[in-house]
Each structure stands twice: as structure tokens, then as C-alpha cells.
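Structure first, commentary second.
Protein chains: 2
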Amino acid sequence: MNATTSRLAGQVRVVGAGLLGASVGLGLRARGVDVLLADASPANLSLAIDYGAGRASTPDADPVLVVVCVPPDLTASVVAAELAAYPNAIVTDVASVKVAPLAALEASGAGLERADLERADLDRYVGSHPLAGRERGGAISARADLFLGRPWVVCTRPGLSRARLSLVESLILDLGATPVEMDTAAHDDAVALVSHTPQIISTLMASRLTGSSDAALRLAGQGVRDVTRIAASEPELWVQILGANAPAVADILRAFRDDLDHVLGALGDQEAPGARRALAEQLARGNAGVSRLPGKHGQDRRYAQVVVMVDDRPGELGRLLTELGEIGVNLEDLRLEHSPGAQIGLAEIAVLPESQKRAIDELSARGWRIAG
Amino acid sequence: MNATTSRLAGQVRVVGAGLLGASVGLGLRARGVDVLLADASPANLSLAIDYGAGRASTPDADPVLVVVCVPPDLTASVVAAELAAYPNAIVTDVASVKVAPLAALEASGAGLERADLERADLDRYVGSHPLAGRERGGAISARADLFLGRPWVVCTRPGLSRARLSLVESLILDLGATPVEMDTAAHDDAVALVSHTPQIISTLMASRLTGSSDAALRLAGQGVRDVTRIAASEPELWVQILGANAPAVADILRAFRDDLDHVLGALGDQEAPGARRALAEQLARGNAGVSRLPGKHGQDRRYAQVVVMVDDRPGELGRLLTELGEIGVNLEDLRLEHSPGAQIGLAEIAVLPESQKRAIDELSARGWRIAG
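What follows is the structure, given as C-alpha cells:
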């Protein structure tokens, strides 16, 4: 990245200097953009400036773009304030829900402190949402490449001009992310399905583990670990996200509950006509659903697996993957599988199907134990 | 492993030459045990013999131990037949449910073809269950070390002698697994919680993906992938497993549904007194549940994370892990995170907390980009 390739021209104001805001600042600074930072907390602001995410915003600021990076429940009021304060700027935000803030803005001040927003002001708002993965708080966790290669949704709506969308897409491209245009309501429906509902389902499953014995948990394998991993997410943030997208999430949860009731019915009377078939069809629908998730690099291709036994000592996995590189086989994905008490693990390596045989043959020839 | 260290003395008969049966055979053969194989399918039997899992059982066989490795719905009748056929042998099985087969046996022939089982015969049955991870079918996937380091439950019940338990534990130790003694009913409750319920929950979540747009699925991240990964499991096998442990699974699913209804209530009327608090408490219970899962090596210790950016080309991850080995830091776990379209990935490395700073410092000094 260097300054000569910046698409954005002019000042960019970033409001909210947490993980996302400071990362936007760092990424833009790396391209030579003049970044003006603001935060309700002077301490947060100073920290982000110390990290090199930009300089303190000044009264004479004249940004072409304002990026609002505050928690979801503050987004609408901060966007409204920025639209009013910077009449020449496009204002975007990075909240993970998009319908509620837009609706609050369109209610023209209902519930907001600025009741003086006009249609022309609202037309300068373009909602967006970087799918930037995990939640680690604060400028201290920020990095210039946080968004590299991530999808970043830009929300379309009737009447929004191409020029304004394009300005936000310039920001996204400058940060190395991939712009994905999507209708505002479609965005919230999509994240309800692929992010918010999985979060609450994982939470509900993990909640069942609270009352069990240590002996039972000792039998836990990779399956229950995967299903419950994201249940470790921060409750405060998720109350806001789930609350702001409640109708869409509730629709999916109700359909989930209907299926759950069918499963309970089938389990309760297995000899009833069709009970086992109902279970089998539900399991098959699960197969069909998970197979629809796109693979790495956005492709739908399924990879071939090579499972290798690896001793649990420093450098062994490194040696395996180095040798895989020497053979010239690229690693598409990797999963480690351990057992309680074991001093050995399995490395499940995903490779392109055409590389599988070569990987197995050459790793075996080098003395690696191939499993399954 | 070599013949001189075998704990089992005498012939072992293995009934069912699929993945588990053939792996038991291979593991015992590696220790020099005389393994007699049987399978209802002559083709399966020949294949397992070709793979070196044992020799065909003969009419004059006199095994000290019979290991029944057939699907759950056949387990009770095959165990009964083996108890009758080999009056000097202990008979164990590897089915992933344990109450239903025992109940069928204790009903002394109810639903079985052999109605002539006596109490003394039943006392020679010891149910067991290797937590051998994933399901890949057939002798073709078998390996001598399938059970290495895995927990393998041996089910206790009133009146079962220590000598008979110990014989089955000798089998388990000879195969490199870790015996875990557990009451029969407690076993089924435990696997209902840590295996069967997560399976159906993952299936139900994945089922929601069947009707969605490709555009929505393009926003899928690691969270939904993890929650739905085991939904790819084989329906035929899981209908049997769920059916055989239906009451225990249904109990947990009903408690899950109660929590789900509370969440739906809170989402439906967020302004109701206590609604947001109910959501927050549910999310916190999820935090508490997932934190109870034991870590690698059966410990409850939480590891420290080091997140490193890795270019997506052959050998890069290998180089990283080799250097981690050179630094002397052991890798406790590893997760790769990719984004659609990205040519770069994040390696999330789990290390002991006391190694974290050194790993970060030394990897940084070697030019690796450390994130978050």
C-alpha cells in the first residue's frame, strides 16, 4: 500500500476510535489519506492517535467522507449529527445492522436529538458493514489490514446515487476489502441467518453445558466444541446486535423451533408412522444446508482431505507443512484434532482434489503416518 | 507397539469388519494378538483380511474376548448370539449408545432371536464405547491407531466383576486408548449432551440455510461454519443413534426449547421489563457453558492466542510453525481463518500463557505480522 494508490481524495473523518475506527484510520493513513479522528472519550482518542490512526479532528475540518464507527445503539444519532455538521460530506457507518439506524434516520429525528434533518441530508447517508470477523475491543487491537480480503456490504436503497455509493466503495477498496452491494433489508436478513441466529443457537447449546458433570464433559469431542465456540462472544455487544435485528432473527428462530418440535415429536414416538423418516429427512436437510456454504476464496468447490498423525512436540506440525510446501502442495485449510490425554494429534489438511494423491504418496514416502 | 507388550492373552474375535472392527483388528494384530474376524458380508470380511486386520474366524475358535462392532440397531442381537456361542468369552461392543442394548439383553431375548440367555451369560457382557471421533466408513478407512489417545468408556453396572471390566480395559490399553469407567445410564446422558444434542442442533441450524440466497451465504464467516460443520454427518447412522438415546436427547432438547422460547419472548417485546436482561443473561450462560469444556490434554486451562498473518502460498504456514518450533514454543491448537477472495489468511495459534509474549516478540523479530 502506498499513498499514490489511494482512491479517496480529501479528508476523511472517523468518529469512534475503537477497533474498527482505529483500523479504518490506520488503513487510510497507510495510503496517505488525511484522517481526522473523533471519540467521545478523550483517552480513547489519544490512544488511537498514538497508534498512528490519524490526527485529532479540528473545527475547520471539511471531510469528503465521515465514517461512523460507534456501537449499534448510538449509530443513528451520531450519523444524524455528522450529516448536520458536515453538509458537504457523505456519511457512512459500520454497524452490523442496517435497517434500524436507517429507519431512525428516516423518521427524521424521531428519537434523535437532531430533529432538523431533511431529505437532502439523508440522501448523503450510505450504510455499510464490514464483515471483519472477530470482536476484540479497542484501538489497541486495531490494525491497518483488519479488512483485507473481507466482504464489506454497501447498502443500496431507492434514490441513492451511484456517485455516493462509489465514494464509499473507494473507502472499502482503499482498505483492501471487497465491496458487496446489497439492499438494506436484504443485508439484515442475510446477517440474521449467517451470523445472528448461529450466535444465539450456539449460546443456547452452550447453556446446556452449565449444569452437567465434569465426567460428561470429559467425553466432549470436536463436534460440540465447534458448535459452541462462538458462544464465548461478548454479551453486551450481542444484546445490542440481536435487539437491533430482532424481527429477522425471530423469524428464523421460529422456523428453527418448528423443526425442533418435529424432531421432538419423532423422538417421543419413534414407532409412529413416518417418525424415523422425519428424523432422516431433517438430517438430510442439514447435509443440504451446510453444503451450500461457499468454500475458501468464495468458491463452492469441496476440497480433498489428507489426515496426518503429528507428534505433540514443538516444530512437528511446522515440519509437516514445510514438507507439504516442498512437495508443492498448497494448504487450503487445516484443522487440528486432539484428544484429552493424548500426546499425538491429527492434522486434517484440505488440498485441491488433484493434489490429494501426490500429497499422500510423497508425505508417506517421507515417513509421515497418513490416517483414514 | 510390539507383541511383547500385549496385555490381552488369547484369541480375540471381532464381529463386524467396518471402520471400527477393522481398526480394532489392525491395532491388536500390531501387538501380535490372534484376531478372528467375522462379518455378515463376505466381501467386507475379505477386504478387512486383505488389510491385515486378522484372519477369518473358524468353528473351533475359543476367544477370551469378543468385540462386537456392528451398527447400534444390531448390537443387542449380535451380542446375545456371541454370548451364547462363546460361553468362555467376555463380550463387549462399541456402540455409541449403551442403555438400549443392555435393556434389550436384560429383557432376556425380548425382541432378540435368542430367548435362551441366562443371567450368568449376561454377566459376561461389558458394554463399551470408544470416542473415536469422525465417521468414515469401511475397513478401507481403518487404521491401527484409530483409538490412540481417545477416551474409551467402559460401562459399569451393579454386579459386574472387576476382572471382567479389567479384561475390556486391557483391550482398550492395548489399542492405545484411555479407559473411562462410567455408569451405563450416565454414559448415555453424557453423550446425549456432548454429542447427540449438538448433532441435532447443528443439523437444525444448517437446515435454515437451505432456503437462503447465494448472496446471503456469501457473507458467511467462521462462526456459522463452525456451528454447522457436523451437520454434514451421515443421516442413516444418526437416525439410529438418536433413536437409541431418544429420551435423554429429548430431555435436553426440551430444556433448549424452553430457553429458546425465552429468547423469542425477549426479542418479540424488547421494551418489556427485563427483556434485555434476559437476553444478556442467556448470552452469559452460553459464555459459562463453553468455558467448562476441557482444553486439550484434558486440562481446563485456557490458552493464550497469537494471531499471525500468513500469505496464501505453499509452505508459508509451515515456515511459520517451523520457526515457532525453533523458538521453542509448543503449538497447543491452531485455527486458520480465511475470507472469500483473500490471498492472505490468519493463523490463530494457541500457546501456553507464559509463552505468549516470547512467541509474539520472536515472531515479530523474524518479520511475521502479528495481528490483534
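From first to last, the protein sequence lines are chains A and B.
Using the working numbering, you'd call the opening residue of the first sequence number 1 and step up by one each time.
Using the working numbering, you'd call the opening residue of the second sequence number 1001 and step up by one each time.
C-beta: ideal position from N, C-alpha, C; glycine also.
Note that the structure is predicted; figures quoted are calculated from it, not measured.
N-terminal and C-terminal residue of the beta strand (DSSP E) that residue i is part of
i	result
residue 1196 of chain B	From DSSP, residue 1196 of chain B is part of no beta strand (DSSP E); its letter is neither H nor E.
residue 1093 of chain B	1090-1093
residue 227 of chain A	Run containing residue 227 of chain A: none in the beta strand (DSSP E); it sits in the alpha helix (DSSP H), 222-228.
Residue i - partner residues in DSSP beta bridges
i	result
residue 1178 of chain B	B/1151
residue 333 of chain A	A/350
residue 1371 of chain B	B/1307
residue 1129 of chain B	B/1153
residue 1068 of chain B	B/1015 and B/1093
residue 1038 of chain B	B/1015
residue 345 of chain A	A/310
residue 183 of chain A	A/156
Buried or exposed (CB count within 10 angstroms, at least 16 for buried), residue i
i	result
residue 1019 of chain B	buried
residue 1169 of chain B	buried
residue 1072 of chain B	buried
residue 59 of chain A	exposed
residue 44 of chain A	buried
residue 378 of chain A	What is shown of chain A runs 1 to 372, which leaves residue 378 of chain A out entirely.
residue 39 of chain A	buried
residue 150 of chain A	buried
residue 1120 of chain B	exposed
residue 1098 of chain B	buried
residue 5 of chain A	exposed
residue 211 of chain A	exposed
residue 1376 of chain B	Outside the displayed range of chain B (1001 to 1372) lies residue 1376 of chain B, so it cannot be described from this structure.
residue 1296 of chain B	No answer about residue 1296 of chain B holds up, because its pLDDT of 46 lies below 50 and its placement is not dependable.
residue 189 of chain A	buried
residue 1313 of chain B	exposed
residue 1063 of chain B	buried
residue 311 of chain A	exposed
residue 88 of chain A	exposed
residue 174 of chain A	buried
residue 1017 of chain B	buried
Contact belief for residue i with residue j at Cβ below 8 Å, rounded distance in angstroms
i	j	result
residue 1203 of chain B	residue 265 of chain A	Residue 1203 of chain B to residue 265 of chain A, Cβ: 15 Å. No contact.
residue 65 of chain A	residue 90 of chain A	5 Å
residue 331 of chain A	residue 321 of chain A	6 Å
residue 197 of chain A	residue 1208 of chain B	7 Å
residue 219 of chain A	residue 1153 of chain B	7 Å
residue 1365 of chain B	residue 1346 of chain B	Going by Cβ atoms, the distance from residue 1365 of chain B to residue 1346 of chain B rounds to 20 Å, so no, they are not a contact pair.
residue 250 of chain A	residue 139 of chain A	In fact, because the Cβ distance is near 35 Å, the residues do not count as touching under 8 Å.
residue 1127 of chain B	residue 1147 of chain B	In fact, because the Cβ distance is near 16 Å, the residues do not count as touching under 8 Å.
residue 374 of chain A	residue 76 of chain A	As displayed, chain A neither begins before 1 nor continues past 372, which places residue 374 of chain A out of reach and without an answer.
residue 230 of chain A	residue 1227 of chain B	7 Å
Residue i - containing alpha helix (DSSP H), residue span
i	result
residue 1049 of chain B	1042-1050
residue 1365 of chain B	1356-1365
residue 17 of chain A	No alpha helix (DSSP H) holds residue 17 of chain A; DSSP gives it neither H nor E.
residue 1389 of chain B	Limits of chain B in this structure are 1001 at one end and 1372 at the other, which puts residue 1389 of chain B out of reach.
residue 158 of chain A	Careful: residue 158 of chain A lies outside any alpha helix (DSSP H) and carries neither H nor E.
residue 1289 of chain B	1275-1291
residue 121 of chain A	119-122
residue 1240 of chain B	1235-1244
residue 1146 of chain B	Residue 1146 of chain B -> no alpha helix (DSSP H), and no H or E assigned at all.
residue 1104 of chain B	1099-1106
residue 377 of chain A	Outside the shown range of chain A (1 to 372) lies residue 377 of chain A, about which nothing can therefore be said.
residue 214 of chain A	214-217
Any non-hydrogen atom of the ligand SAM within 7 Å of residue i CB
i	result
residue 17 of chain A	With respect to small molecules bound, the structure shown includes none, and the ligand SAM cannot be examined in it.
Test: residue i CB closer than 8 Å to a CB of chain C
i	result
residue 1031 of chain B	As a matter of chain content, chain C is missing from the structure shown, whose protein chains are A and B.
Short-range partners of chain A found in the stretch 1351-1371 of chain B, where Cβ spacing is below 7 Å
1371
According to a CB-to-CB cut-off of less than 7 Å, which residues of the stretch 41-67 of chain A neighbour chain B?
none
When you check each C-beta in the stretch 256-284 of chain A against every C-beta of chain B, which residues fall closer than 7 Å?
256, 257, 259, 260, 263, 264, 267, 268, 270, 276, 279, 280, 282, 283 and 284
Determine which residues of the stretch 1324-1335 of chain B have a Cβ less than 9 Å from any Cβ of chain A, and write them out in chain order.
1324, 1325, 1326, 1327, 1328, 1329, 1330, 1331, 1332, 1333, 1334 and 1335
The stretch 159-174 of chain A: positions lying closer than 8 Å to chain B by Cβ:
none
Between the stretch 215-227 of chain A and chain B, which residues of the former have CB atoms less than 8 Å from a CB of the latter, in chain order?
215, 216, 217, 218, 219, 220, 221, 222, 223, 224, 225, 226 and 227
Of all the residues that make up the stretch 199-212 of chain A, which are near chain B by a beta-carbon distance shorter than 8 Å?
199, 200, 201, 202, 203, 204, 205, 206, 207, 208, 209, 210 and 212
In chain order, what residues of the stretch 1136-1160 of chain B put their CB closer than 8 Å to some CB of chain A?
1136, 1141, 1143, 1145, 1146, 1148, 1149, 1150, 1151 and 1153
What are the residues in the stretch 1093-1107 of chain B lying within 7 Å of chain A by C-beta distance?
none
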